[in-house]
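Down below is the structure, laid out as structure tokens.
There are 2 protein chains.
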Amino acid sequence: MRRYLKDPAAIYAESFATVEREARLDRFPDGMRPLVTRVIHACGMVEVADRLAYSPDAGEAGRQALFAGAPVICDCEMVAAGIIRSRLPAGNEVLVTLNEPGVPELAQRLGTTRSAAAVELWEGRIAGAVVAIGNAPTALFHLLERLDAGWPKPALILAFPVGFVGAAESKAEIAADPRGVPFVALKGRRGGSAMAAAAVNALGGERA
Amino acid sequence: MRRYLKDPAAIYAESFATVEREARLDRFPDGMRPLVTRVIHACGMVEVADRLAYSPDAGEAGRQALFAGAPVICDCEMVAAGIIRSRLPAGNEVLVTLNEPGVPELAQRLGTTRSAAAVELWEGRIAGAVVAIGNAPTALFHLLERLDAGWPKPALILAFPVGFVGAAESKAEIAADPRGVPFVALKGRRGGSAMAAAAVNALGGERA
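Same order as they appear, the protein sequences are chains A and B. The numbers in the working numbering rise by one with no breaks, and the one at position 42 of the first sequence is 42. The numbers in the working numbering rise by one with no breaks, and the one at position 43 of the second sequence is 1043.
Below, the structure is given as structure tokens:
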């Protein structure tokens, strides 16, 4: 059996040093670097840094919202499970509506997915919230439609839906027209709950 | 706003058709194909199929274990959150010991990570279980050490730890010497909870 590193602090230090060495983080604004670092760390792929679209103020906007007590709204339970509660700076609520009663019926009535229907239940909480989408392209599309229809704006949209149908397209849509909302999006098919949660964890981790 | 696919059945069909078209699944044994398909679907990366190491009987071993009622043991809450309970064929228990009381102290005493210490608590449940590791290389290393020390064998190890320190190494270790346990491992740095959960979901989904 080969030897391996067991000390958690040493593992973290070596991980982040590797990201630092390989990812050319100096191309990102200061406020984005912790987020980029943690997203890369969560997926083991330095090259995702090349595919990030973002507004220059995204890191700062998310950080300010969290420190002001904004809720984190997630599209699925896996994102919520990845958010380290002790890193949230204001005991922020973490909200997932996907499994609320009535969502399957609402999805049928609206002719869409459960993930998109669950977005309807965000209406009363969306103003100033941090939105973390790590699974469903239709959730991101549906949120953009509601913003177009006049919903109040969230503080930040972390757009990491994943997969072969709609993921690349929904992220291209927000990157092309973020509707005046600060955002981070990983272009293309890649994404996932771990990256979305890591982005949230980065925001809460350090004061600006 | 561009048009997008909203019908869940159509989205699934198109997703899986894309995977089928791009991933050359015919190189895999029948019993592995649903697992490979779902792992690719979970991460949006067809090319992970090129990096899978596995025992030929892995799919079948996992399926049999789940249908016989084996528990699923996960290294973190995110993996557990990604397992679709309705797809588990025997109301199988999904077990995560990472946040059990005493684990931080055990980690300190053993001089290792919490993830590795949490593996100690698997001892009474490991025989015949399906193990899904989607986060911590040290959990996989620790499990292999315990198997070397004489622990009973699980039915299957799904090895998807992720990251820059130990992930590639721990998966190379199990691929080089699986200790007589059927396994699936994604070689290299990539991995994650979504892939580990998707692998479990594939096993429960269809009878052999």
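Virtual Cβ for every residue (Gly too), placed ideally from N, Cα, C.
Looking at chain A, is there any beta carbon in it that lies within less than 7 angstroms of the beta carbon of isoleucine 1073(B)?
Along the second sequence, one-based indexing puts residue 1073(B) at 73. Taking Cβ atoms only, chain A never reaches closer than 7 angstroms to isoleucine 1073(B), which makes this a no.
Starting from phenylalanine 213(A) and walking both ways along the alpha helix (DSSP H), at which residues does that stretch end?
Because chain A is modelled from 1 through 208, residue 213(A) falls outside the range shown and cannot be assessed.
Enumerate in chain order the residues of its own chain whose CB-to-CB distance from glutamate 22(A) is below 6 angstroms, with the five nearest sequence positions on each side excluded.
On the first sequence, residue 22(A) is found 22 positions in, with the first residue counted as 1. Result list for glutamate 22(A): Val46, in chain order.
Bridge partners of cysteine 74(A), per DSSP?
For the purposes of this step, residue 74(A) is taken as the residue at position 74 of the first sequence. In DSSP, cysteine 74(A) forms a bridge with Val96(A), Ala132(A).
Alpha carbon to alpha carbon, how far is glycine 1102(B) from proline 1137(B)? Give it in angstroms, no decimals.
Indexing the second sequence from 1 puts residue 1137(B) at position 137. Indexing the second sequence from 1 puts residue 1102(B) at position 102. Cα to Cα, proline 1137(B) sits roughly 21 angstroms from glycine 1102(B).
Among the residues of its own chain, which have a CB less than 7 angstroms from the CB of isoleucine 1083(B), if the five just before and after it don't count?
Numbered from 1 along the second sequence, position 83 holds the residue referred to as residue 1083(B). Cβ neighbours of isoleucine 1083(B) beyond the five flanking positions: Val1072, Val1094, Ala1197, Val1200, Asn1201.
Grouping DSSP H, G and I as helix and E and B as strand, with all else coil, what is valine 1103(B)?
Here residue 1103(B) refers to the residue found at position 103 of the second sequence. When DSSP states are grouped into helix, strand and coil, valine 1103(B) belongs to the helix group.
Tell whether a beta-carbon distance below 7 angstroms holds between isoleucine 174(A) and alanine 185(A).
As a first step, residue 174(A) must be located in the first sequence, where it is residue number 174. As a first step, residue 185(A) must be located in the first sequence, where it is residue number 185. Yes, these two residues count as a Cβ contact at 7 angstroms.
So for valine 36(A), helix, strand or coil by DSSP?
If you number the first sequence from 1, residue 36(A) lands on position 36. Helix.
State the CB to CB distance for the pair leucine 1098(B) and arginine 1087(B), rounded to an integer number of angstroms; the pair is presumed to be in contact (CB under 8 angstroms).
Reading the second sequence from its first residue, position 98 is the one you call residue 1098(B). Reading the second sequence from its first residue, position 87 is the one you call residue 1087(B). Taking C-beta atoms under 8 angstroms as the contact rule, leucine 1098(B) and arginine 1087(B) fail to qualify, at a distance of about 23 angstroms.
Can you give, in chain order, each stretch of the alpha helix (DSSP H) that sits fully within the region 1001-1047 of chain B and has at least 4 residues?
Residue ranges of uninterrupted alpha helix (DSSP H) with 4 or more members, entirely inside the region 1001-1047 of chain B and ordered along the chain, are 1008-1022, 1033-1043.
If you measure from the beta carbon of serine 1015(B) to each beta carbon in chain A, is any gap under 7 angstroms?
By 1-based counting over the second sequence, the position of residue 1015(B) is 15. Using beta-carbon distances, serine 1015(B) counts as an interface residue toward chain A, with a partner under 7 angstroms.
Since glycine 62(A) meets chain B, which of its residues come closer than 8 angstroms, beta carbon to beta carbon?
What you label residue 62(A) is simply residue 62 of the first sequence in a count that begins at 1. Near glycine 62(A) there are no residues of chain B at all, since even the closest Cβ is about 21 angstroms away, more than 8 angstroms.
Are any of the Cβ atoms in chain B nearer than 7 angstroms to that of valine 162(A)?
Here the question's residue 162(A) lines up with position 162 in the first sequence. Valine 162(A) counts as touching chain B.
Specify the secondary structure class of alanine 159(A) as computed by DSSP and reduced to three states.
One-based indexing of the first sequence puts residue 159(A) at position 159. Correct three-state label for alanine 159(A): strand.
Can the beta-carbon of glycine 1134(B) be found less than 7 angstroms from the beta-carbon of phenylalanine 1160(B)?
One-based indexing of the second sequence puts residue 1134(B) at position 134. One-based indexing of the second sequence puts residue 1160(B) at position 160. It is a contact, given that the beta carbons lie within the stated cut-off.
Return the residue from the list Gly1180(B), Asp1148(B), Cys1076(B) that minimises the CA-CA distance to alanine 194(A).
Translated into the one-based positions of the first sequence, residue 194(A) becomes position 194. Comparing Cα positions, the closest option is Cys1076(B).
Comparing the CB of arginine 1033(B) with every heavy atom of the ligand GDP, is any distance shorter than 6 angstroms?
The ligand GDP is not part of this structure, which contains no ligands at all.
If I follow the unbroken beta strand (DSSP E) through valine 1184(B), where does it start and stop?
Locating residue 1184(B) in the second sequence gives position 184, where the first residue counts as 1. Taken as a continuous stretch (DSSP letters only), the beta strand (DSSP E) holding valine 1184(B) covers 1183-1186.
Does the separation of the CB atoms of serine 1055(B) and phenylalanine 1183(B) fall below 7 angstroms?
The residue given as residue 1055(B) occupies position 55 in the second sequence. The residue given as residue 1183(B) occupies position 183 in the second sequence. Yes, Cβ-Cβ distance for serine 1055(B) and phenylalanine 1183(B) is below 7 angstroms.
Use the C-beta contact count for methionine 1032(B): other C-beta atoms within 10 angstroms, 16 or more gives buried, fewer gives exposed.
Counting from 1 along the second sequence, the entry for residue 1032(B) is found at position 32. Buried is the call here.
In or out: alanine 118(A) buried (at least 16 other Cβ within 10 Å) or exposed?
Counted from its first residue, the first sequence places residue 118(A) at position 118. Alanine 118(A) is classed as buried because its beta carbon has at least 16 other beta carbons within 10 Å across all chains shown.
Residues of the region 1082-1103 of chain B in Cβ contact with chain A at a cutoff of 9 angstroms, in chain order, please.
Gly1082
CB proline 154(A) to CB valine 131(A), shorter than 7 angstroms?
For the purposes of this step, residue 154(A) is taken as residue 154 along the first sequence, with counting starting at 1. For the purposes of this step, residue 131(A) is taken as residue 131 along the first sequence, with counting starting at 1. Against a cut-off of 7 angstroms, the Cβ pair of valine 131(A) and proline 154(A) comes out as a contact.
For leucine 88(A), name the three-state secondary structure that DSSP assigns.
Residue numbering aside, residue 88(A) sits at position 88 when the first sequence is read from its first letter. Looking at leucine 88(A) - three-state DSSP - the assignment turns out to be coil, as it is neither helix nor strand.
Can you find a CB in chain A that lies within less than 7 angstroms of the CB of glycine 1204(B)?
Looking up residue 1204(B) in the second sequence gives position 204. By this cut-off, glycine 1204(B) is not an interface position.
Taking all protein chains shown into account, do 16 or more other C-beta atoms lie within 10 angstroms of the C-beta of arginine 2(A), making it buried, or fewer, making it exposed?
In the first sequence, residue 2(A) corresponds to position 2, counting from 1. Classification of arginine 2(A): exposed, given that the 10 Å Cβ count is below 16.
DSSP state of alanine 149(A), grouped into three classes?
Against the first sequence, residue 149(A) aligns to sequence position 149. Reduced to three states, the DSSP call for alanine 149(A) is coil.
Should glycine 1044(B) be labelled buried (16 or more other beta-carbon atoms within 10 Å of its own) or exposed?
Numbered from its first residue, the second sequence carries residue 1044(B) at position 44. Classification of glycine 1044(B): buried, given that the 10 Å Cβ count is 16 or more.
Quick check: what's the CA-CA separation for alanine 65(A) versus glycine 1180(B)?
Numbered from 1 along the first sequence, position 65 holds the residue referred to as residue 65(A). Numbered from 1 along the second sequence, position 180 holds the residue referred to as residue 1180(B). Approximately 51 angstroms, taken between the alpha carbons.
Excluding the 5 residues flanking alanine 1010(B) on each side, which residues of the same chain have their C-beta closer than 6 angstroms to its C-beta?
Locating residue 1010(B) in the second sequence gives position 10, where the first residue counts as 1. Same-chain partners within the cutoff: there are none.
Give the DSSP-derived three-state secondary structure of leucine 52(A) in the structure shown.
Within the first sequence, numbered from 1, the residue matching residue 52(A) stands at position 52. Looking at leucine 52(A) - three-state DSSP - the assignment turns out to be strand.
Any residues in the region 1144-1170 of chain B with a beta carbon nearer than 8 angstroms to a beta carbon of chain A? Which ones, in chain order?
Leu1144, Glu1145, Asp1148, Val1162, Gly1163, Phe1164, Val1165, Gly1166, Ala1167, Glu1169, Ser1170
Would a C-beta distance cut-off of 7 angstroms place lysine 6(A) and threonine 1112(B) closer than the cut-off?
Walking along the first sequence from the start, residue 6(A) turns up at place 6. Walking along the second sequence from the start, residue 1112(B) turns up at place 112. Yes, these two residues count as a Cβ contact at 7 angstroms.
Output needed for methionine 78(A): all residues of its chain with C-beta closer than 6 angstroms, excluding positions within five of it in sequence on either side, in chain order.
What you label residue 78(A) is simply residue 78 of the first sequence in a count that begins at 1. Excluding sequence neighbours, methionine 78(A) sits near Ser193.
Closer than 7 angstroms by C-beta to glycine 191(A): which residues in its own chain qualify, once you throw out the five before and the five after it? Chain order, please.
For this step, residue 191(A) is matched to residue 191 along the first sequence. The answer, listed in chain order, is Gly134, Phe160, Pro161, Val162, Ala167.
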